[in-house]
């Protein structure tokens, strides 16, 4: 998608996905682990690790999100991703959450998140959901004739 | 991809993927379960079922493939997919393999394959491989700037 059609959070997500790709994580944007909860980026590592990354483009964007602790139970590690000029001192990093600084083109893991491994049944269910969602989205892109 | 750039087997694969999508299976083409073995279509069902489909466009195409029994250990069900004018009597359907008749646009399951469930460890490993491959391919299509 051309850069100027992306919203600020989506531009950060693009940089985050490029960063995580370089760490051998496969990323999917806008994943819904359960009804009413949407995560900006879900990433799957080579051993099946599941990371969730929430992208916040500005202080206001962050302050309007009161549900972030709900994300923790859907991943092994949770990160905030913010642009370089974000006032990162307002983020609850250090309560287990990690920090990624990213722009449109890439980023850096500034603080590694703590790990709280998912229970086996939930990891299995999330891996399957991720697999099917990724394949269905890929299918829709490569076969525009798909109904 | 425009129709006329697809090889005959890829056109059948497209129809197969559309068919299986209608059965709520998410499809990925050209999956390599292990080095040296490539399956035309791998499909993942809502309960994590893994189906493998080999597409054969002609008698010669089928007769050049001596490795099909090697596919069985990578799926719960195995199908041949052939065009309507294929001499399907030459296929070893009924030895557990199923039969799909497909063209460029869709298809039909003519004979349901027998089920031989994967062992848990292999299913887990294949689901993870499928998930990461689908997400990486999707990423490459939606972010052409990805290196």
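Residue numbers (UniProt numbering), protein chains in the order written: chain A, 1 to 147; chain B, 1 to 147. A virtual CB, placed ideally from N, CA and C, is assigned to each residue, including glycine.
Worksheet entry | From 40/A, 104/A and 120/A, residue whose alpha carbon lies closest to that of residue 5/A | The closest CA to that of residue 5/A, considering only 40/A, 104/A and 120/A, is found on 104/A.
Quick one: grab the DSSP three-state call for residue 46/B. If DSSP states are grouped into helix, strand and coil, residue 46/B belongs with coil.
Checklist entry - When we look at the beta-carbon of residue 40/B and count the other beta-carbons within 10 Å, is it buried (16 or more) or exposed? => result Classification of residue 40/B: buried, given that the 10 Å Cβ count is 16 or more.
Does residue 112/B come within less than 8 angstroms of chain A when only Cβ atoms are used? Output row for residue 112/B: interface = no.
Exercise. Kindly indicate if chain D contains any beta-carbon less than 8 angstroms away from that of residue 15/B.
Key: In the displayed structure, chain D is absent; the protein chains listed are A and B.
* Rounded straight-line distance, which links the Cα of residue 28/B to that of residue 38/B -> If I take the Cα positions, the gap works out to 12 angstroms.
Within-8 angstroms CB hit, residue 23/A to chain B: Not an interface residue.
_Contact defined as beta carbons within less than 8 angstroms: I believe residue 110/B pairs with residue 78/B. What is the distance between those atoms, to the nearest angstrom?_
Not a contact, Cβ separation roughly 14 angstroms.
>> Threshold first: 3 residues or longer. Then list the beta strand (DSSP E) segments lying entirely within the region 54–139 of chain A, N to C.
In response: If we require 3 residues or more, the beta strand (DSSP E) runs fully inside the region 54–139 of chain A come out as 77–82, 98–102 and 107–111.
Does DSSP put residue 8/A in a helix, in a strand, or in coil? Helix at residue 8/A.
Determine the chain A residues that contact residue 27/B at a beta-carbon separation under 7 angstroms, and present them in chain order. Correct list: 135 and 139.
Inset, instruction - Confirm, please, whether the CB-CB distance from residue 74/A to residue 126/A is below 8 angstroms. - result: Against a cut-off of 8 angstroms, the Cβ pair of residue 74/A and residue 126/A comes out as a contact.
- If you run the structure through DSSP and keep just helix, strand and coil, what is residue 28/B? Of the three classes helix, strand and coil, the one that applies to residue 28/B here is strand, per DSSP.
| field | CB contact flag (residue 138/B, residue 137/A, <8 angstroms) | value | At a Cβ-Cβ threshold of 8 angstroms, residue 138/B and residue 137/A count as neighbours.
Item checked: Distance between residue 96/A and residue 80/A (C-alpha atoms, nearest Å) -> Between residue 80/A and residue 96/A, the C-alpha separation is close to 11 angstroms.
Exercise. DSSP three-state call for residue 37/A: helix, strand or coil?
Worked result: Collapsing the DSSP output to three states places residue 37/A in a strand.
Name the residues in the region 116–135 of chain B whose C-beta lies less than 7 angstroms from a C-beta of chain A; which are they? 127, 128, 130, 131, 132, 134 and 135: these are the residues of the region 116–135 of chain B whose beta carbon lies less than 7 angstroms from some beta carbon of chain A, given in chain order.
Q. Would residue 7/B count as contacting chain A if we go by Cβ distances under 8 angstroms?
A. Taking Cβ atoms only, chain A never reaches closer than 8 angstroms to residue 7/B, which makes this a no.
Nearest to residue 76/A by CA position, among 45/A, 112/A and 116/A, is which residue?
Distance from the Cα of residue 76/A is smallest, within the candidate group 45/A, 112/A and 116/A, for 116/A.
Pop quiz: residue 143/A and residue 17/B are said to be a contact at Cβ under 8 angstroms. What is the actual Cβ separation, rounded to whole angstroms?
Residue 17/B and residue 143/A do touch by the CB rule: their CB atoms are close to 7 angstroms apart, below 8 angstroms.
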